[in-house]
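Undergrad: Handing you a structure now.
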Amino acid sequence: MRLLIMGPQGVGKGTQAALLSSHYGIPAISTGDIFRFNLKNHTPLGVKAQAYIDKGELVPDELTNSIVKDRLAQPDAAQGWILDGYPRNASQVVALDAILGELGIDLDKAVALSADRDVLLDRMVKRAASEGRSDDTPEVITTRLKTYEKETAPLLSVYSERGKLVSVDGTGDVKDIQARIIAELEK
Ligand code: AMP
9 MRLLIMGPQG
19 VGKGTQAALL
29 SSHYGIPAIS
39 TGDIFRFNLK
49 NHTPLGVKAQ
59 AYIDKGELVP
69 DELTNSIVKD
79 RLAQPDAAQG
89 WILDGYPRNA
99 SQVVALDAIL
109 GELGIDLDKA
119 VALSADRDVL
129 LDRMVKRAAS
139 EGRSDDTPEV
149 ITTRLKTYEK
159 ETAPLLSVYS
169 ERGKLVSVDG
179 TGDVKDIQAR
189 IIAELEK
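Numbering (the numbering used here), first residue to last: 9 to 195.
Now the structure itself:
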């Protein structure tokens with residue numbers, strides 16, 4: 009199973025990607041987590057990405073595309089994966105298509121989770137309190153949601169036109185949301 013998990017910040021992509029990862033026995037690959045690991049460890053990639061992440065802007069495509077290309081070529085990704093937080097703009101869609109073409113594989117589905125803006129804001133504020141992420145301040149949250157609307161939301165119609173989009177209500181109990189996603193994927 010090769011899946012994208014899409015939707016705005018705070019919609020629960022990471023939580024659902026982790027549950028789907030255990031369900032299908034495939035890795036959940038989050039570009040945000042890869043960046044945060046590199047920030048924490050002060051790697052050259054982390055140093056280059058820091059200013060963008062702190063402002064809530066997208067990290068430049070050439071950096072992001074190359075980490076995804078390397079990660080999808082790892083042995084544990086051979087049987088499938090769930091990509092969380094990538095692609096996030098039109099040029100990343102083109103890059104992902106090229107990566108998949110080189111690997112001779114295709115996507116199964118793109119799962120789009122949705123929730124009202126007040127639910128998203130509430131979840132992000134709670135996450136800021138529990139995880140202490142540097143990019144969960146009110147100003148940066150606003151920038152990240154704006155970037156999502158402008159750059160990423162239009163990608164849903166790209167995957168819909170390709171017949172890959174599965175839209176799922178991201179509100180309610182975590183397990184119920186997971187059951188909804190799996191039911192859609194197995195239809
Ligand atoms: P996330 O945890 O997915 O919200 O990602 C946190 C931050 O990492 C984002 O606000 C971006 O600065 C950066 N990031 C994550 N994924 C991408 C991506 N696909 N393209 C560019 N920047 C990204």
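Every residue gets a Cβ at the ideal spot worked out from N, C-alpha and C, and that includes glycine.
Compute every distance between the C-beta of Y94 and the non-hydrogen atoms of ligand 1, then say whether any falls below 6 Å.
TA: What you label residue 94 is simply residue 86 of the sequence shown in a count that begins at 1. Result yes, Cβ under 6 Å from ligand 1.
Undergrad: With a threshold of 6 Å (Cβ to nearest heavy atom), would A72 be considered close to ligand 1?
TA: Your numbering for residue 72 matches position 64 in the sequence shown. It should be noted that the sequence gives Thr, not Ala, for residue 72. Yes - ligand 1 has a heavy atom lying nearer than 6 Å to the Cβ of T72.
Undergrad: With respect to 6 Å, is the separation between the Cβ of L66 and the closest non-hydrogen atom of ligand 1 below this value?
TA: For the purposes of this step, residue 66 is taken as the residue at position 58 of the sequence shown. Yes, since a heavy atom of ligand 1 falls inside the 6 Å radius drawn around the Cβ of L66.
Undergrad: Would you give the residue range spanned by the alpha helix (DSSP H) that L163 belongs to?
TA: The residue given as residue 163 occupies position 155 in the sequence shown. Per DSSP, L163 belongs to the alpha helix (DSSP H) from L163 to E169.
Undergrad: Is the beta carbon of V119 sitting closer than 7 Å to the one on I189?
TA: The count along the sequence shown starts at 1 and reaches residue 119 at position 111. The count along the sequence shown starts at 1 and reaches residue 189 at position 181. It is a contact, given that the beta carbons lie within the stated cut-off.
Undergrad: Just to confirm, is the Cβ distance from R10 to L115 under 7 Å?
TA: Stepping through the sequence shown from its first residue, residue 10 is reached at position 2. Stepping through the sequence shown from its first residue, residue 115 is reached at position 107. Yes, they are a contact pair.
Undergrad: Assign R125 to one of two classes, buried (16 or more other C-beta atoms within 10 Å of its C-beta) or exposed (fewer than that).
TA: Against the sequence shown, residue 125 aligns to sequence position 117. Residue environment analysis places R125 among the exposed positions, since fewer than 16 neighbouring C-beta atoms fall within 10 angstroms of its C-beta.
Undergrad: When you compare the segment 9 to 28 with the segment 152 to 162, are there three or more beta-carbon pairs, one atom per stretch, that lie closer than 8 Å?
TA: yes
Undergrad: Quick one: measure Cβ to Cβ for I107 and K77, integer angstroms, because I've assumed they're closer than 8 Å.
TA: Your numbering for residue 107 matches position 99 in the sequence shown. Your numbering for residue 77 matches position 69 in the sequence shown. Their Cβ separation, rounded to whole angstroms, is 5 Å, which keeps I107 and K77 in contact under 8 Å.
Undergrad: Give me, in chain order, the residues of the same chain whose beta-carbon lies closer than 7 Å to that of Y156; leave out the 5 immediate sequence neighbours on both sides.
TA: Stepping through the sequence shown from its first residue, residue 156 is reached at position 148. So the list reads P16 and Q17, once near-sequence residues are dropped.
Undergrad: If you count every other CB in all the chains shown that lies within 10 Å of the CB of R96, and 16 or more means buried, which is it?
TA: As a first step, residue 96 must be located in the sequence shown, where it is residue number 88. Buried, by the Cβ-count rule.
Undergrad: Let me know if R170 comes out buried or exposed under the rule of 16 or more other beta-carbons within 10 Å of its beta-carbon.
TA: On the sequence shown, residue 170 is found 162 positions in, with the first residue counted as 1. That one is exposed.
Undergrad: Look at S122 and D62 and say whether their C-beta atoms are less than 7 Å apart.
TA: For this step, residue 122 is matched to residue 114 along the sequence shown. For this step, residue 62 is matched to residue 54 along the sequence shown. No; because the gap between Cβ atoms is not below 7 Å, this pair is not in contact.
Undergrad: List in chain order: all unbroken alpha helix (DSSP H) runs of 4+ residues lying wholly within the segment 111 to 180.
TA: 125 to 139, 146 to 155 and 163 to 169
Undergrad: DSSP on I107, reduced to helix/strand/coil?
TA: For the purposes of this step, residue 107 is taken as residue 99 along the sequence shown, with counting starting at 1. Looking at I107 - three-state DSSP - the assignment turns out to be helix.
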